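Step one of this worksheet: look at the structure below.
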Amino acid sequence: NAGVTQTPKFRILKIGQSMTLQCTQDMNHNYMYWYRQDPGMGLKLIYYSVGAGITDKGEVPNGYNVSRSTTEDFPLRLELAAPSQTSVYFCASSYGPSGGNEQFFGPGTRLTVL
Amino acid sequence: AQKVTQAQTEISVVEKEDVTLDCVYETRDTTYYLFWYKQPPSGELVFLIRRNSFDEQNEISGRYSWNFQKSTSSFNFTITASQVVDSAVYFCALRGPSGTYKYIFGTGTRLKVLA
């Protein structure tokens with residue numbers, strides 16, 4: 001049981017480049033989330049999904065897109081990278097919809113945009 | 001609106017001292033859930049505990065204990081006899097009743113335990 005896996009672990013992008021951050025979970029969780037964590041700050045929700053084919057915006061969705069074609073995978077797409085997107089990105093999942101279910105987090109992707 | 005406040009940005013203690021991390025929450029839901037997560041220097045977030053709004057029993061797990069008080073909307077976390085390995089950022093989070101999706105995180109408290 002690998003839990004939540006994310007690739008890559010680190011990435012440096014040039015301004016204007018695009019990339020996809022991969023996230024996979026093997027726990028058959030319905031709910032999946034993408035957060036960003038800026039240095040010294042808390043977590044901000046970018047997008048979330050309550051099941052395959054269903055996604056919705058969180059607090060800071062601008063500049064990002066997601067898809068959820070399977071239960072397991074929830075990739076995050078950055079289009080036209082900007083320095084403001086330099087951050088650590090965490091994918092998480094939970095066995096929704098019970099409110100008492102904790103989130104399981106991936107190891108994070110550290111992204112730098114120069 | 002829901003909100004979680006962790007007023008302590010950073011705390012430094014000397015090893016073996018006890019330390020309490022504060023968490024104050026706001027919600028209008030009668031059913032809700034509270035969580036604590038640990039983020040060690042390696043960066044990964046690790047779940048520590050959950051508590052639902054109907055269970056005000058305090059919980060102890062080894063050197064860790066949690067005090068949930070609905071009257072003051074607080075869910076505080078105490079580490080007894082702190083160790084260097086406890087150095088991390090600790091996050092408190094709130095989630096509403098079943099059917100809600102969002103976890104509201106506090107801004108975290110960075111704990112430094114000095115040898």
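Residue numbers (my numbering), protein chains in the order written: chain Y, 1 to 114; chain E, 1 to 115. Where a beta carbon is used, it is the ideal one built from N, C-alpha and C, also for glycine. Since this is a predicted model, take the numbers as computed values, not measurements.
| query | result |
| --- | --- |
| Among E:K16, E:S42, E:Y32, nearest to E:A93 - alpha-carbon criterion | E:Y32 |
| Nearest-angstrom Cβ-Cβ length linking E:Q2 and E:C23, presumed shorter than 8 Å | At roughly 13 Å, the Cβ-Cβ gap does not stay under 8 Å, so E:Q2 and E:C23 are not in contact. |
| Residue environment, E:G99, which counts as buried when at least 16 other CB atoms sit within 10 Å | exposed |
| Inter-residue Cα distance where the pair is E:K70 and E:F35 | 14 Å |
| Interface flag, E:N52 vs chain Y, CB-CB below 7 Å | yes |
| Contact set for E:T80: own chain, Cβ-Cβ below 6 Å, skip 5 residues either direction | D18, R63 |
| Cβ neighbours of Y:I54 in the same chain (closer than 7 Å, five flanking residues each side left out) | R68 |
| Sub-7 Å separation of Y:S93 and Y:N101 beta-carbons | no |
| Contact check, Y:V113 vs Y:T86, beta carbons under 7 Å | yes |
| Interfacial residues, the region 96 to 108 of chain E to chain Y, with Cβ spacing under 8 Å | G96, P97, S98, G99, T100, Y101, K102, Y103, F105, G106, T107, G108 |
| Proximity test, E:V84 beta-carbon vs the ligand SAH heavy atom, cut-off 6 Å | Among the ligands in the structure shown, none appear at all, so the ligand SAH cannot be discussed. |
| Counted within 10 angstroms of its Cβ, other Cβ atoms place Y:A81 as buried (16 or more) or exposed | buried |
| Residue closest to E:L114, alpha-carbon to alpha-carbon, out of E:F47, E:D86, E:F77 | E:D86 |
| Closer than 7 Å to chain Y by CB, E:Y90 | no |
| Nearest-angstrom Cα separation, counted from Y:D73 out to Y:Y35 | 15 Å |
| Close-in-space but distant-in-sequence residues of the same chain around E:W66 (CB under 6 Å, 5 per side omitted) | I49, E59, F77 |
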